[in-house]
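To start, the structure itself, in structure tokens.
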Amino acid sequence: MDILIFSTSVNNADQVQQVQPILTSVQAIQDWNFDLEDCDHILRVVSHDLPPRYIESLLNNAGFECAELAY
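In my numbering, the protein residues as written are 15 to 85.
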């Protein structure tokens, strides 16, 4: 199981609701959550063998910035 961490431009609950159907539709994602209080508006994704670029492209295509953070 992998935990991927991203900096995003998702900054409020309405925007989280916009991306919710996108993230929940990916079967390889077991869990996800946002930390909107963090200055990077962190998205954490728990998955099996999912490339970070895939998550970035999902959010980018929905109109949000998304970049993997090194940890």
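Using N, Cα and C, we set each Cβ at its ideal position, and we do this for glycine too.
| Query | Result |
| --- | --- |
| Limits of the alpha helix (DSSP H) - the one that Asp28 falls within | 27-38 |
| Opening and closing residue of the beta strand (DSSP E) in which Glu82 lies | 80-82 |
| Contact under 8 Å by Cβ, Asp45 with Ile56 | no |
| Cβ pair Gln32, Ala81 closer than 8 Å | no |
| With 16 other Cβ atoms within 10 Å as the buried cut-off, status of Ile69 | buried |
| Ile36 to Asp16 span [Cα, whole Å] | 19 Å |
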